[in-house]
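Report on one structure; see the data block that follows.
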Amino acid sequence: MTADGRAHGAPGAAWQARRVHRWTDLAQVPEDFGPSVVTIGNFDGVHRGHRAVLRRMVADARATGGAAVAVTFDPHPAQVHRPDAAPDLITGLADRLDLMEQTGLDAVLVVTYTLEFASATPEDFVRTYLVDGLHARTVVIGQDVRFGRGNAGDLRTMLDLGARYGFAVEVIEDVHGRLESTAGDRYPNRRWSSTWVRELLTDGDVAAAAEVLGRPHLLRGVVVHGDARGRTLGFPTANLGDVVGFVPADGVYAGWMRRVGHPEGAPDGYLPVAISIGTNPTFDGWDRRVEAHVPGRTDLELYGEEVALELVDRLRPTLRFDSVDALVAQMHEDVARTREVLAAGPLVLGGSAER
């Protein structure tokens, strides 16, 4: 190791030892790393637009013999600059990195976003992170890129810095899409964006959100003890504590549950679920919960396990029932509808924006 903690080794050997590298500090980047093709962004949700950019960058890196690297930030800059007005994040950091890496990246650098980091000038950021740290040969950015103190850096700035420091700048056009339904064209041609995903989730339209994301929306949490009311009614549920991910509108959803720590390929690792989000108004509940029931299963013991929920479709809004019997009857209908929605198996999406 060098004095600053970086790794020695033959050119390329150190960073090629792992399939995808996750770095949280420039000191973790081997000195012999690179040359690289780099992109920068928050990538919240890792939607189809994000993946189009990342896959284009990976293709460029493969064509030139470089390494494909994404620089992202944690926490989200808005949470540092405008904590009271920052948007809820679509995905947690772990899921964001997993989804980014599925595009074929060689490495991800997660920069801890602080006010001190934000005070760096655009040139300081480029020189420290892109040139000296990652040895960028090409930087891939969108037309609306902003970086450096006060977001003073823009596309023109990056082009000028590229000419000064010897890296190329590739500008990616925005990726647009159109969502359709059986009722016709619900959503006009629009740029794939995290904002659009949040709007759809706020409305509970997880099916449309899945089209923009290119996959079902994810929620993640550890199963905790609830009030056991579902078990009493014949519908035991896994209650998620400290949910990670944007929680959509209250209602009942059909989806899938993945047991995160379950052995790969083992039985019961991936299960169909009816998901309830809301306050249980029939019982005068006040705390908002996310809970999932596996149809036909009363034998699962999930307490303490981390699970990920994939939301496929919203079945109905949350309702208040006049009696427990009416609620149970509706729950039977919800389970039957869940089976129908999920009968075709896990949802697989992918449009031209990702090809």
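All residue numbers in the sequence shown are consecutive under the working numbering, ending with 369.
From the three backbone atoms N, C-alpha and C, an ideal C-beta is built for every residue, glycine too.
Under 8 Å between C-beta atoms of residue i and residue j
i: residue 61; j: residue 316; result: no
i: residue 219; j: residue 328; result: yes
i: residue 162; j: residue 121; result: no
i: residue 168; j: residue 104; result: no
i: residue 67; j: residue 119; result: no
i: residue 234; j: residue 322; result: yes
i: residue 282; j: residue 333; result: no
i: residue 47; j: residue 81; result: yes
i: residue 88; j: residue 126; result: yes
i: residue 204; j: residue 189; result: no
i: residue 320; j: residue 255; result: no
Same chain, Cβ closer than 7 Å to residue i, neighbours up to 5 away in sequence not counted
i: residue 183; result: 153, 155, 172, 173, 176
i: residue 147; result: 40, 43
i: residue 26; result: Residue placement at residue 26 is poorly supported in this model, since its pLDDT is 39, which falls under 50; the coordinates still yield a value, given next. The answer, listed in chain order, is 46.
Burial state of residue i, where buried means 16 or more other Cβ atoms lie within 10 Å
i: residue 247; result: exposed
i: residue 250; result: buried
i: residue 307; result: buried
i: residue 253; result: buried
i: residue 196; result: Since pLDDT at residue 196 reaches only 43, below the 50 mark, its modelled position is unreliable, and no value is offered.
i: residue 77; result: exposed
i: residue 286; result: buried
i: residue 50; result: buried
i: residue 337; result: exposed
i: residue 95; result: exposed
i: residue 136; result: buried
i: residue 130; result: exposed
i: residue 346; result: exposed
i: residue 170; result: exposed
i: residue 53; result: buried
i: residue 343; result: exposed
i: residue 280; result: exposed
i: residue 278; result: exposed
i: residue 99; result: exposed
Inter-residue spacing [alpha-carbon to alpha-carbon] between residue i and residue j
i: residue 101; j: residue 93; result: 8 Å
i: residue 192; j: residue 355; result: 23 Å
i: residue 64; j: residue 209; result: 13 Å
i: residue 34; j: residue 166; result: 32 Å
i: residue 360; j: residue 270; result: 8 Å
i: residue 97; j: residue 55; result: 19 Å
i: residue 207; j: residue 90; result: 15 Å
i: residue 186; j: residue 157; result: 7 Å
i: residue 75; j: residue 114; result: 15 Å
i: residue 330; j: residue 324; result: 17 Å
i: residue 292; j: residue 358; result: 27 Å
i: residue 303; j: residue 349; result: 18 Å
i: residue 318; j: residue 159; result: 42 Å
i: residue 71; j: residue 151; result: 12 Å
i: residue 261; j: residue 212; result: 10 Å
i: residue 312; j: residue 305; result: 15 Å
i: residue 79; j: residue 117; result: 17 Å
i: residue 214; j: residue 111; result: 23 Å
i: residue 149; j: residue 238; result: 46 Å
Contact set for residue i: own chain, Cβ-Cβ below 6 Å, skip 5 residues either direction
i: residue 123; result: 37, 85
i: residue 145; result: 179
i: residue 267; result: 289, 325, 328
i: residue 272; result: 284, 322
i: residue 257; result: 233, 235, 304
Three-state class that DSSP yields for residue i in the structure shown
i: residue 206; result: coil
i: residue 227; result: helix
i: residue 88; result: strand
i: residue 27; result: Because residue 27 carries a pLDDT of 38, less than 50, the predicted location of this residue cannot be relied on, and the following value inherits that uncertainty. The answer is helix: DSSP assigns residue 27 an H, G or I state.
i: residue 219; result: coil
i: residue 95; result: helix
i: residue 191; result: strand
i: residue 149; result: coil
i: residue 250; result: coil
i: residue 169; result: helix
i: residue 161; result: strand
8 Å Cβ shell around residue i - same chain, five flanking residues per side excluded
i: residue 259; result: 103, 104, 105, 106, 109, 231, 232, 233, 234
i: residue 353; result: 286, 309
i: residue 139; result: 161, 162, 167
i: residue 264; result: 218, 291, 292, 293, 302, 331, 332
i: residue 339; result: none
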